[in-house]
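Trainee:
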Amino acid sequence: MFNWLKPRLVSKEVDLTYNVIVNQARKPMFYQDIGVADTLDGRFDLLGLHICVLFYRLKSEGEQANIFSQDLFDVMFTDMDRSLRELGVGDLSVGRRVKEMGRALLGRLEAYDRALDSDFKELENVLTRNVYRGNPNMCRQVGKLASYVKNILARLEKTPTDVILRGKFSFENGDD
Numbered sequence: 142m143f144n145w146l147k148p149r150l151v152s153k154e155v156d157l158t159y160n161v162i163v164n165q166a167r168k169p170m171f172y173q174d175i176g177v178a179d180t181l182d183g184r185f186d187l188l189g190l191h192i193c194v195l196f197y198r199l200k201s202e203g204e205q206a207n208i209f210s211q212d213l214f215d216v217m218f219t220d221m222d223r224s225l226r227e228l229g230v231g232d233l234s235v236g237r238r239v240k241e242m243g244r245a246l247l248g249r250l251e252a253y254d255r256a257l258d259s260d261f262k263e264l265e266n267v268l269t270r271n272v273y274r275g276n277p278n279m280c281r282q283v284g285k286l287a288s289y290v291k292n293i294l295a296r297l298e299k300t301p302t303d304v305i306l307r308g309k310f311s312f313e314n315g316d317d
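Mapping of the sequence shown onto the working numbering: residues 142 to 317, in sequence order.
Below you can see the structure in the form of structure tokens.
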């Protein structure tokens, strides 16, 4: 009856999935070949992009996938809180910063959902705004990033939902 008072234990599958996402978002190709800024913001943008693509894939998969997505969101922001503290952000401002990051991710989630339902040009526009922060010098490779997003979404769509929910998936082929 009072289960809502207890925090849900996060499954090892959610942790595995979060690690898959973090490892993918840290790949040097994004920073060296695709022009994403190798900064705290750039890394957050890529982490958010990968989570948003995964949420897009899971959004129509039922209650279990919805709970999984919420748990994944919670794990991400617990990690953001921990990371900010490790970087020396003061205790009094960590909460505010994490809330700002949460609002930013929710806005991106909406934008990526619309873009993934739309055409390639709209995806490029959303990536320019959210990953390259509108910087014309950095967004020269936006077409590469948009193609990458379409490719990983296609791969995720071919991956059975139960495999994703067990954290046993990859964003790329082994030879990518």
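Here a beta-carbon is modelled for each residue, glycine too, at the ideal position from N, C-alpha and C.
So, for G248: in the same chain, excluding its five sequence neighbours on each side, which residues have a beta-carbon less than 6 Å away from its beta-carbon?
Mentor: none
Trainee: Are the beta-carbon atoms belonging to A256 and E263 less than 7 Å from one another?
Mentor: yes
Trainee: Touch check for the region 264 to 277 and the region 215 to 223: three-plus C-beta pairs under 8 Å?
Mentor: With a cut-off of 8 Å on Cβ pairs, the region 264 to 277 is not in contact with the region 215 to 223, counting fewer than three such pairs.
Trainee: Who are the Cβ neighbours of D316 in its own chain at under 7 Å, not counting the five residues just before and after it?
Mentor: Low confidence applies here, because D316 scores a pLDDT of 41, under 50, leaving its location unreliable; read the following figure in that light. For D316, where only same-chain residues beyond five positions count, there are no Cβ hits under 7 Å.
Trainee: Count Cβ pairs between the region 200 to 214 and the region 284 to 291 that sit closer than 8 Å; are there 3 or more?
Mentor: no
Trainee: Buried or exposed, going by whether 16 or more other CB atoms sit within 10 Å of the CB of E265?
Mentor: buried
Trainee: Given this structure, state the Cα-to-Cα distance separating V155 from R307, to the nearest angstrom.
Mentor: 8 Å
Trainee: Using a 10 Å radius around the Cβ and a threshold of 16 neighbouring Cβ atoms, would you call N144 buried or exposed?
Mentor: Since pLDDT at N144 reaches only 46, below the 50 mark, its modelled position is unreliable, and the value read off the structure follows with that caveat. Counting the other CB atoms within 10 Å of its CB gives N144 a total below 16, which places it among the exposed residues.
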